[in-house]
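The numbering used here numbers the first residue of the sequence shown as 815 and each following residue consecutively.
A short write-up of the structure that comes next.
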Amino acid sequence: MSTVKAKTTSRRSQILNPATGHYILRDADSRQFIEIKTDGKPFSGVAVERNPYKANPSVKKSLARKVEKAIVALSKKRV
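Structure (structure tokens):
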């Protein structure tokens, strides 16, 4: 029975949502979210993904905010 559990947990991973502080369980094949753990503790026996998608380090946050505001302003003008 322990081999079955090892197979199911090896096909899953978890990632920490920095905005909410909750761990999210993901399927390794489809990459879809399966479950959210709201107590702030990681799932036991499941691998933790570390920064799967890093931000572009060459773009400063202040510049990214300015560009985002400009895009929002343009989209509002078109309506």
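From the three backbone atoms N, C-alpha and C, an ideal C-beta is built for every residue, glycine too.
- Separation of residue 830 and residue 875 (C-alpha to C-alpha, rounded to the nearest whole angstrom) is 21 Å.
- If you draw a straight line from the Cα of residue 827 to the Cα of residue 838, it comes to about 8 Å.
- Residue 840 and residue 850 do not touch by the CB rule: their CB atoms are close to 10 Å apart, not below 8 Å.
- Here the alpha carbons of residue 833 and residue 881 stand approximately 21 Å from one another.
- Boundaries of the beta strand (DSSP E) harbouring residue 828: 826-830, taken from the DSSP string.
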